[in-house]
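So the structure is just underneath, and the comments pick up after that.
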Amino acid sequence: MAGDYPSKPMSLYATIWDASTWATNGGKEKVDYKYEPFVSEFTNLVLEGCIVDPIEQISSTNCTDRIASLLAKKYSTITPEGRKSMKRFREMFMYYSSCYHNVRYPIPPPECVVVASEREMFQNGGRLREKMKFGGSHWRNGHGWRSRRPRKVEATGHVAAM
Numbered sequence: 001m002a003g004d005y006p007s008k009p010m011s012l013y014a015t016i017w018d019a020s021t022w023a024t025n026g027g028k029e030k031v032d033y034k035y036e037p038f039v040s041e042f043t044n045l046v047l048e049g050c051i052v053d054p055i056e057q058i059s060s061t062n063c064t065d066r067i068a069s070l071l072a073k074k075y076s077t078i079t080p081e082g083r084k085s086m087k088r089f090r091e092m093f094m095y096y097s098s099c100y101h102n103v104r105y106p107i108p109p110p111e112c113v114v115v116a117s118e119r120e121m122f123q124n125g126g127r128l129r130e131k132m133k134f135g136g137s138h139w140r141n142g143h144g145w146r147s148r149r150p151r152k153v154e155a156t157g158h159v160a161a162m
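Following the UniProt record's numbering, the numbering of the sequence shown begins with 1 at its first residue and continues without gaps.
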């Protein structure tokens with residue numbers, strides 16, 4: 001964008017959509033908006049783009065070189081290590097996926113990549129078959145906070161299991 005880049009501060013406006021009626025335990029849990037306004041800050045933000053006519057409906061030929069350049073950058077693909085890390089993160093922390101919500105989306109949305117091993121983890125409603133939210137299998141193995149036995153303190157000051 002070179003010389004056409006604005007010299008004044010810019011802002012970005014975004015909306016937050018409320019999915020309380022369907023994404024939060026079937027609407028049982030509502031979103032708590034008491035923490036608004038929601039503010040994001042960016043430092044060292046680098047924007048890459050091209051000049052387009054805002055009235056033109058089809059992609060501008062001005063952008064062809066820029067798109068090719070962006071696709072050639074190192075962040076346009078994920079490394080095998082990054083893919084492995086993302087897979088592990090999803091297995092441990094993802095407890096809902098619209099990609100596996102067969103009731104709502106009989107055909108997965110176009111942005112979805114259905115992974116067979118992941119698909120087996122989810123019910124038709126897109127939720128996990130087993131509770132393994134936040135930390136994975138330790139909840140299923142009886143090591144969560146509910147499995148701890150109550151303790152009593154003896155007169156000597158020692159803690160003993162009941």
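All C-beta atoms in this analysis are idealised placements derived from N, C-alpha and C, irrespective of residue type, glycine included.
Exercise for the section: With distances taken Cα to Cα, identify the nearest neighbour of residue 106 among 44, 21, 130, 125. Expected result: The candidate whose alpha carbon is nearest that of residue 106 is 125.
Exercise for the section: Let me know if residue 100 comes out buried or exposed under the rule of 16 or more other beta-carbons within 10 Å of its beta-carbon. Expected result: Flag for residue 100 reads buried.
Practice task
Give me the Cα-Cα distance between residue 18 and residue 35, rounded to the nearest whole angstrom.
Solution key: Cα-Cα distance, rounded: 14 Å.
Practice task
Evaluate contact between the segment 73-86 and the segment 107-117, counting only Cβ atoms and requiring at least three cross-stretch pairs below 8 Å.
Solution key: Judged by Cβ distances under 8 Å, the segment 73-86 makes no contact with the segment 107-117, as fewer than three pairs qualify.
Exercise for the section: Quick one: grab the DSSP three-state call for residue 99. Expected result: Residue state, collapsed to three classes: strand.
Problem - Sheet register partners of residue 26 (DSSP bridge) - result: In the DSSP assignment, residue 26 forms no beta bridge with any residue.
Practice task
Could you spell out where the alpha helix (DSSP H) holding residue 119 opens and where it closes?
Solution key: Start and end: 116-119.
Exercise for the section: For the alpha helix (DSSP H) holding residue 88, just list the boundary residues, first then last. Expected result: Per DSSP, the unbroken alpha helix (DSSP H) holding residue 88 starts and ends at 80-93.
Problem - Residue(s) in a DSSP beta bridge with residue 127 - result: The partner list for residue 127 (beta bridge, DSSP) reads 96.
Problem - residue 67 - containing alpha helix (DSSP H), residue span - result: Residue 67 -> alpha helix (DSSP H) spans 64-72.
Exercise for the section: Taking all protein chains shown into account, decide if residue 122 is buried (16 or more other Cβ within 10 angstroms of its Cβ) or exposed. Expected result: Taking every protein chain shown into account, the CB of residue 122 has 16 or more other CB atoms within 10 angstroms, so this residue is buried.
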